[in-house]
Amino acid sequence: MLKRFFRTRYGYSRWDGTQEIEGLDADDIMRALADDYLEQGDLQQALRRLMQDGMQRPDGRRNLGLRELLERLRAQRSQLLNRYNMASGVMDDLRQKLEEIKQLEREGIERRLREAQELAEAEQARQSEAGTPSQPGEDTAGSDALTPEQKRRMLETIAQRKKQYLESLPQDLPGQIKALSEYDFMEEAAREKFNELLESLRQQMMQQFFQGMRQSLQSMTPEDIAHLREMIRELNRMLRERQQGLNPDFDSFMEKYGEYFPGVNTLDDLIEQMQQRMAAMQALLENLSPEQRQELENLMEQLISDDRIRVDLMELAQNLQALAPLDDYRMRFPFRGSEPLPFNEALRMMGRLQQMEGLEEQLQQARRLDDLEAIDSEKVRELLGSDEYRSLEELKALMKILEEAGYIQRKGNRWELTARAIRKIGQKALQDIFDKLKRDGFGRHVSPFRGPGGERTDESKRYEFGDPFLLDLQKTVMNAVYRNGTGTPIRLSQEDFEVYRTEFTTQSSTVLMLDMSMSMIYNGCQQAAKKVAVALESLIRSQFPRDNLYIVGFSFVAREYKPEELIEIGRYDHSQGTNLAHGLMLARQLLSRHRGINKQIILVTDGGPTVWYEEELGGWQFAYPPNPWAEQQALLEVQRCTREGITINTFMLEDDRWMVSFVNQMAEINHGRTFYTDKNNLGEYLLVDYLNSKRKRIS
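So for the sequence shown, full-length UniProt numbering puts the first residue at 1; every next one is plus one.
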């Protein structure tokens, strides 16, 4: 048996960021949505804010939202702009490379001259030892070979002409490259380095059109060049057909020339790829000074020695411009750094910055239209990283996760919460309050009284007549063992029996009265009051299903809210006025439906009554400072509640002098309790008080 469990081997390795992380859980999403939804009562807004702001998971990991993704993208772009200097880097890099080539040639010339001088001196020394010294200017026309001295003089003449040529090169880069292309290098290393520079420039210039171009024009065979010419002509023909609304044969084209366009599957992909590469060059030109721009354009034109290819490429650029103008890519980036960039790196940098611009536009569009599918996830991975990519993919899957979990359902063009989701939000509100109770040490008070008719506890007692027969078998058997000693059979007697104690829980009817005046919003109390209402409803539904709970909201007038409506209450349900009299009257009428002695009103408010009824004026009236009639009518309803045995427990969120005086009058009439608390502690006080009232224990 154990071998079966332990034969599997497990390998452990250091975390490297590539291992899969468990995706979003529907319950995590609901927990993140709950508070926002309770505050606003608008699912669409709550989902929108979740996508904007992201969410914190219970394990501490964070899912980034669109706002944070956008901030990270902008920060990365700013870092690049603050680091590099585009204007000085590109052309200076080419000039520096040409200077290195020219210096290498000069050093080669000087070395050749030194070597010739050393040979001439060695030859002269040898002749002196042989007794046949050579005379300067001696005629050697009849000789078959030049003497070392003659070679030195000839080399010196050639070297002088080459030095003068190098010193007289044009100042502009295209002119220098053209002149050096026609120059016969004396130093082989300088020749090779210059040819490498030319090939690199030609390759980079061609790659602005064709990503798969890995071979420069200079190193192409005549067959390669003919193949390239044919490809460009076919491509131009295909683009002309697209402009005319025809359907070009893209598959046949790719069969013949696919090596130039890796990763391309459609004609649209090909056009987009080429436009992006051309756009990088265009952006590079835009970020140079006019003189540098003209210089680089002349250089690019000069690098293509094949006239036919040069004309076809010009036509290709015109066709691409006709299909999708590149005007949007004519942008200047505010480079502020000092680090130069070589030409090839500058092209890559401009392409990256343009991709960042495009991704920023996608993120902003997604924020405006709530359309996450508009964002290219692979671009996020490429430009920002794996964590950002994972966060985006999980955001995209958010709605599907909630729907599959049964938390949301589509009604027309909108999403709505299901009954299961509403219960989940209530459980979350309840859990938040009890979690805070655990942290704050605000526990229940222990009472010594026990009795029948309620929930079983973990304590046991000797059985007495009338006790529910909830047998504690273990203690019953042990009592018999203690009495008789060990051995079998075990004989039980009446005094051995132990049963579990029970808590007596009362069945009650409760009206939760929520102040929905505008001051509750201004004072920041609205969400706390709504949250405790949702939590209380969840508590009663899950733990005290026989209890009755009603929700009454009151502002200018009062009305009853069904449990399914409670979660939808938003700031627009609040209005001016605190009509306490109407709220108490409605609560009293609701409680009159039930028999029994355990009836209570839980009143949550931040102000005294400001609305009263006056028939001559047409109904309810509002005044602030409060009219005495508002207070009198409210106290009259308190008296009526008292006569009907209804207890009013008040939770005051403000404590100015007038309100304290009014609440004290209520307590004197009704003998209910008053709690002065704030929005941060309302839930703990209210739920603990409710639970304590449920656990009346009798002996």
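For glycine and all other residues, C-beta sits at the position ideal for the given N, C-alpha and C.
Separation of A116 and R106 (C-alpha to C-alpha, rounded to the nearest whole angstrom) is 15 Å. The three-state reading of DSSP puts N63 in strand, counting E and B together. In the structure shown, T221 falls within a coil segment according to DSSP collapsed to helix, strand and coil.
Listed in chain order, the beta strand (DSSP E) elements of length 3 or more contained wholly in the segment 585-628 are 599-605, 611-614, 619-622.
Under the three-state reduction of DSSP, D184 is assigned to coil, being neither helix nor strand. Using a Cβ distance threshold of 8 Å, L353 and F333 count as a contacting pair. A residue is called buried when at least 16 other Cβ atoms come within 10 angstroms of its Cβ; A75 does not meet this threshold and is exposed. The bridge partners DSSP lists for A558 are F554. Shown here, V511 sits in a strand according to DSSP, grouped into three states. Between the alpha carbons of L296 and R381 lies a gap of roughly 33 Å. Residue state for R414 is assigned as strand, using DSSP reduced to three classes. Short of 6 Å from the beta carbon of I101, and not among the five residues preceding or following it, lie these beta carbons of its own chain, in chain order: A190, K193, F194.
Spatial neighbours of Q176 in its own chain (CB-CB distance under 8 Å, excluding positions within 5 residues in sequence) are listed in chain order as L98, L169, P170. With 16 or more other Cβ atoms from the protein chains shown falling within 10 Å of its own Cβ, H582 counts as buried.
Non-local beta-carbon contacts of L94 in its own chain, meaning distances under 7 Å to residues more than five positions away in sequence, involve L173, F343 in chain order. L492 sits in coil when the DSSP states are folded into three classes, being neither helix nor strand. Given a length threshold of 3 residues, each whole run of the beta strand (DSSP E) inside the segment 636-665 is given here in chain order: 646-652. Judged by their CB atoms, E459 and R423 are not nearer to each other than the 8 Å cut-off. Taking every protein chain shown into account, the CB of V311 has fewer than 16 other CB atoms within 10 angstroms, so this residue is exposed. Nearest to Q427 by C-alpha distance, out of Q243, R153, K531, L201, is K531. In this model, G412 and L80 are separated by some 46 Å (Cα to Cα). In this structure, L539 lies away from V604, with their beta-carbon atoms at least 8 Å apart. The residue among Q292, M652, L73 with its C-alpha nearest the C-alpha of N523 is M652. At the C-beta level, R588 and E644 come within 8 Å of one another.
For T476, the enclosing alpha helix (DSSP H) stretches over residues 473-484. Secondary structure note for T674: its beta strand (DSSP E) is the uninterrupted segment 674-676. Going by beta carbons, Y84 and G358 fall outside the 8 Å limit. Its chain contains D312, E315, L316, N319 as the residues whose beta carbon lies nearer than 8 Å to that of N236, once the 5 sequence neighbours on both sides are disregarded; these appear in chain order. Residue pairing by DSSP puts E498 in a beta bridge opposite R462. Here R112 really is in contact with M186; their C-beta atoms are around 6 Å apart, less than 8 Å. Three or more beta-carbon pairs separated by less than 8 Å are not found between the segment 474-482 and the segment 546-564, which leaves the two stretches without contact. Secondary structure at Y389: helix, using DSSP grouped into helix, strand and coil. For D172, there is no enclosing alpha helix (DSSP H), since its DSSP letter is neither H nor E.
For E339, the pairing in a beta bridge is given by DSSP as Y84. The beta carbon of A667 sits closer than 6 Å to those of T674, all from its chain and outside the five residues before and after it, given in chain order. Rounded to the nearest whole angstrom, the CA to CA distance from S509 to L549 is 6 Å.
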